[in-house]
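Just below is one structure, and these are the notes that go with it.
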């Protein structure tokens, strides 16, 4: 059995449509259909994505050792875990942006405070000389 036909069989066993798989993989339906028809060579990284979506491993797809109706872990659980990972990554990125913004405003406030100190303590005639 070819890898493409194995992918199709596992997809059908899971009850997924080609549209579902294409959405999970971020592909067009046509591009995913070409994979199942064997018209497109599958890269290792894409094979790993497909295997994850189908609840198996790339090694098992390559070896053909998957017995019918075997479920290592449900694809919907894998999808939820991936969604949580991306949500956590987005949250971490947002936290980093906020840290950078706080640091910017802190520097800005320190600069403004310094200007006010100079204005308060340095006589107007000396301000021109130092660039204020």
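Numbering (our numbering), first residue to last: 1 to 132. Built from N, CA and C at the ideal position, the CB exists for glycine as well.
- Query: At what residues does the alpha helix (DSSP H) containing residue 64 begin and finish?
  - Reply: First-last for residue 64: undefined, no H or E at that position.
- Which word fits residue 119, buried or exposed, when buried means at least 16 other C-beta atoms lie within 10 angstroms of its C-beta? Under this definition residue 119 is an exposed residue.
- What separation, rounded to the nearest whole angstrom, lies between the Cα atoms of residue 6 and residue 19? Residue 6 and residue 19 have their C-alpha atoms spaced approximately 17 Å apart.
- Task: Starting from residue 8, trace the alpha helix (DSSP H) both ways and give me its first and last residue.
- Result: Note, residue 8: alpha helix (DSSP H), 3 to 14.
- In this structure, does DSSP put residue 96 in helix, strand or coil? Shown here, residue 96 sits in a helix according to DSSP, grouped into three states.
- Query: Can you give the Cα-Cα distance for residue 9 and residue 1, rounded to whole angstroms?
  - Reply: Per the coordinates, the alpha-carbon of residue 9 lies some 10 Å from the alpha-carbon of residue 1.
- Task: With DSSP as the reference, label residue 37 as helix, strand or coil.
- Result: Coil.
- Distance between beta carbons of residue 40 and residue 31, contact taken as under 8 Å: Under the criterion of beta carbons closer than 8 Å, residue 31 and residue 40 qualify as touching, at roughly 7 Å.
- Query: What's the C-alpha gap between residue 106 and residue 89?
  - Reply: Their backbone Cα atoms lie some 26 Å apart in a straight line.
- Would you call residue 11 buried or exposed, if buried means 16 or more other Cβ atoms sit within 10 Å of its Cβ? Buried.
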